[in-house]
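Novice: The structure under discussion is supplied below as structure tokens; questions concerning it will follow.
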Amino acid sequence: MPTPPDRSAWQVFLVFLRLGLTSFGGPVAHLAYFRTECVERRRWLSEAAYADLVALCQFLPGPASSQVGMALGLMRAGYRGAFAAWAGFTLPSALALIALALGLAHAGDAVPAGALHGLKVVAVAVVAQAVWGMARSLCPDGPRRALMLAAAALLIAWPGAMAQLLAIGVAGLVGLAGLRPAADTPHAPLAVPVTRRAGAAWLGLFFALLLGLPLLAAAWPSQALAVVDAFYRAGALVFGGGHVVLPLLQASVVPTGWVAGDAFLAGYGAAQAVPGPLFTFAAFLGASLQGAPSGWAGGLIALLAIFAPAFLLIAGALPFWDGLRARPRVRAALMGINAAVAGLLLAALWNPVITSGIRGLADGLLAGAALLALMRWKWPPWGVVAGCAALGWAVAP
């Protein structure tokens, strides 16, 4: 039986390619873009199911937004869908950064300064829309609104990956102790095309590579094998993703002489100016390596190595997660966790989204207009993003 067009890997790729070309603003903004596209516009899954998926990816090491994207592709079109979602979301920025490393562009010119600021402003509207939608759906009563606000206050006062895990964990315990799902609340199962046996195999492969690659690199000295080991370890051991991975990458490539310190900083600056996940910085580093592999081969090897743990973990965890979330006690905990996830988004709306995007009254008015365009006038997100970028470029001094 042929695959329906809207469930094909090609369709998934096109959806995530558009997101990969327009999703500026960091991982929290990416989650907001995913929600708008896959929950509101396309109805691939419910608001509660999406929040449960985000909660799972917040607990797993690696790039949370990329893992959510892989999971959405996996549920939509199987393994090919997972790869299509990753490729569409990741390759635009990765290819641009490899080209930069090869000297085809300059870090400061990756995106004009005015356009980049316009993209930061529109991220305010995108995240604000997501906060409003998730709060209405996931925090319909006083206790859950209080949990959302408490989580947001904690994360504003104490930003960082550990605070995120703490807020989510405490909210889960509060939900387990004091919240009760309604008896008639329907459970919408996630369409996970992975059996538990296959999930256990993926998790086993994750740990086998994590433990085995260092042994292989020591037994058969090779820069290519050492590169795969270093980037796989960076993707496997970092909670919070994004900027948190930088110390691991710096320690792996600069002291060893693989990448010069100045080149590392230049690539990091350029990575801020391209859409998609910050983990694509690995592509720049792989292309900049001294000795083989380098160039396009090095960039793609480093890119695949740093994202491989994200796929192995999400494919391994999803089959077990769907069964767990159907249990009443787990659903009660998830009620609290989802409120904390909404609080995480609310905290991120303030810092870094508003603090880095709004520099004055004009920026505030532009963000307000973008929010109206998204929520009241129902403009497509890509059009709002493009419009704000063009306006920022036009009015830049």
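Going by this note's numbering, the residue at position 102 of the sequence shown is 1098; the numbering climbs one at a time, nothing skipped. For glycine and all other residues, C-beta sits at the position ideal for the given N, C-alpha and C.
1. How would you call Gly1294, buried or exposed, if buried means at least 16 neighbouring beta carbons within 10 angstroms?
2. Specify the secondary structure class of Asp1137 as computed by DSSP and reduced to three states.
3. Could you work out which residue in Asp1318, Ala1306, Pro1023, Ala1147 is closest to Gly1058 when comparing CA atoms only?
4. Can you tell me whether Arg1031 is helix, strand or coil according to DSSP?
5. If we call anything under 7 Å between Cβ atoms a contact, is Pro1271 one with Ser1019?
6. Compare the beta carbon distance of Leu1172 and Ala1047 with 7 Å and say whether it is the shorter of the two.
7. Would you kindly work out how many angstroms separate the C-alpha atoms of Leu1143 and Pro1315, rounded to a whole number?
8. If you follow the alpha helix (DSSP H) that Ala1081 is in, where does it begin and where does it stop?
9. Just mark Trp1396 as buried or exposed, buried being the case when its beta carbon has 16 or more other beta carbons within 10 Å.
10. Quick one: Cα of Leu1015 to Cα of Ser1352, how far?
11. Spatial neighbours of His1113 within its chain, please: C-beta separation below 6 Å, excluding the five flanking residues on both sides.
12. Examine the Cβ distances between the stretch 1253-1264 and the stretch 1276-1288 and report whether three or more of them are shorter than 8 Å.
13. For the alpha helix (DSSP H) containing Gly1022, list its first residue and its last residue.
14. Have a look at Ala1159 and Arg1323 and give me their C-alpha separation to the nearest angstrom.
15. Pick out whichever of Gly1383, Leu1068, Gly1263, Gly1084 has its Cα sitting closest to the Cα of Leu1013.
16. For Thr1191, which three-state DSSP category applies?
17. Can you name the start and end residues of the alpha helix (DSSP H) that Trp1317 belongs to?
18. Please work out which residues of its chain come closer than 8 Å, Cβ to Cβ, to Pro1289, disregarding the five sequence neighbours upstream and downstream, and give them in chain order.
19. Would Met1071 and Ala1081 be called neighbours here (beta carbons separated by less than 7 Å)?
20. What are the start and end residues of the alpha helix (DSSP H) that includes Ala1369?
21. Taking C-beta to C-beta, are Ile1333 and Ala1167 nearer than 7 Å?
22. Which stretch, first to last residue, makes up the alpha helix (DSSP H) that contains Leu1341?
23. Could you give the C-beta distance for Phe1202 and Leu1308, rounded to a whole number, given that I count them as a contact under 8 Å?
24. Along the chain, where does the alpha helix (DSSP H) containing Gln1286 start, and where does it finish?
25. Do Ala1338 and Cys1135 have their C-beta atoms within less than 7 Å of each other?
26. To the nearest angstrom, how far is it from the Cα of Gly1104 to the Cα of Leu1096?
27. Starting from Arg1038 and walking both ways along the alpha helix (DSSP H), at which residues does that stretch end?
28. Throw me the rounded Cβ distance for the Ile1354 and Ala1344 pair, which I believe falls under 8 Å.
29. Which residues bound the alpha helix (DSSP H) around Gly1231?
30. CB-CB under 7 Å to Gly1379, same chain, minus the five flanking residues each way: which ones, in chain order?
31. Beta-carbon within less than 8 Å of Pro998's beta-carbon, same chain only, minus the 5 sequence neighbours each way: which residues are those?
32. In terms of alpha-carbon separation, which member of Gly1174, Leu1368, Gly1360 lies closest to Arg1325?
33. Beta-carbon separation of Gly1069 and Val1024 under 7 Å?
34. CA-CA distance, Thr1086 and Gly1231?
35. Take the Cβ of Thr1032 as the centre, count every other Cβ of all protein chains shown within 10 Å, and call the residue buried at 16 or more, exposed below.
36. Relative to the alpha-carbon of Leu1056, which residue among Ala1119, Trp1317, Ala1335 has its alpha-carbon at the smallest distance?
Specialist: With the given structure in hand:
1. Classification of Gly1294: buried, given that the 10 Å Cβ count is 16 or more.
2. Correct three-state label for Asp1137: coil.
3. When only C-alpha atoms are compared, the closest one is Ala1306.
4. The answer is helix: DSSP assigns Arg1031 an H, G or I state.
5. Yes, the pair counts as a contact, with Cβ atoms nearer than the cut-off.
6. Leu1172 places its beta carbon 7 Å or farther from that of Ala1047.
7. Going by the C-alpha atoms only, they are around 28 Å apart.
8. Here the alpha helix (DSSP H) through Ala1081 covers 1060-1097.
9. The structure shown does not extend to residue 1396, since the chain is modelled only from 997 to 1393, so the question has no answer here.
10. Cα to Cα, the separation comes out at about 21 Å.
11. For His1113, same chain residues with a beta-carbon under 6 Å away, outside a window of 5 residues either side, are Gly1388 in chain order.
12. Touching, yes.
13. Counting along the chain, Gly1022 falls outside any alpha helix (DSSP H), and DSSP gives it neither H nor E.
14. Looking at the two C-alpha atoms, the distance is approximately 27 Å.
15. In this structure, Gly1084 is the residue among Gly1383, Leu1068, Gly1263, Gly1084 with its C-alpha nearest to the C-alpha of Leu1013.
16. Coil, per DSSP.
17. That run of the alpha helix (DSSP H) goes 1291-1320.
18. The beta carbon of Pro1289 sits closer than 8 Å to the beta carbons of Gln1219, Ala1220, Val1223, Gly1282, Ile1297 from its chain, once the five residues preceding and following it are set aside; these are given in chain order.
19. Result no, Cβ atoms of Met1071 and Ala1081 do not sit closer than 7 Å.
20. Element bounds for Ala1369: 1357-1371.
21. Going by C-beta atoms, Ile1333 is nearer than 7 Å to Ala1167.
22. Here the alpha helix (DSSP H) through Leu1341 covers 1324-1344.
23. Contact between Phe1202 and Leu1308 holds, with the beta-carbon distance rounding to 4 Å and staying under 8 Å.
24. Going by DSSP, Gln1286 is part of no alpha helix (DSSP H) at all; its letter is neither H nor E.
25. Yes. Within cutoff.
26. Confidence at Gly1104 is low in this model, with a pLDDT of 47, below 50, so the placement of that residue should be treated as unreliable; the coordinate-derived value is given next. If you take the alpha carbons of Gly1104 and Leu1096, they lie about 10 Å apart.
27. Boundaries for Arg1038: no alpha helix (DSSP H) harbours it, and the DSSP string shows neither H nor E there.
28. Not quite, the Cβ-Cβ distance comes to about 14 Å (not below 8 Å), so this is no contact.
29. 1219-1233 is the span of the alpha helix (DSSP H), which, as asked, contains Gly1231.
30. If the five residues before and after Gly1379 are omitted, its C-beta is found closer than 7 Å to no C-beta atom of its own chain.
31. Confidence at Pro998 is low in this model, with a pLDDT of 47, below 50, so its placement is unreliable and the value that follows should be read with caution. Contacts found: none.
32. Among Gly1174, Leu1368, Gly1360, the Cα nearest to that of Arg1325 is on Gly1174.
33. With contacts defined by Cβ atoms closer than 7 Å, Gly1069 and Val1024 do not form a contacting pair.
34. Straight-line spacing of the CA atoms in Thr1086 and Gly1231 works out to 15 Å.
35. When all chains shown are included, Thr1032 counts as buried.
36. The residue from Ala1119, Trp1317, Ala1335 with its alpha-carbon nearest to that of Leu1056 is Trp1317.
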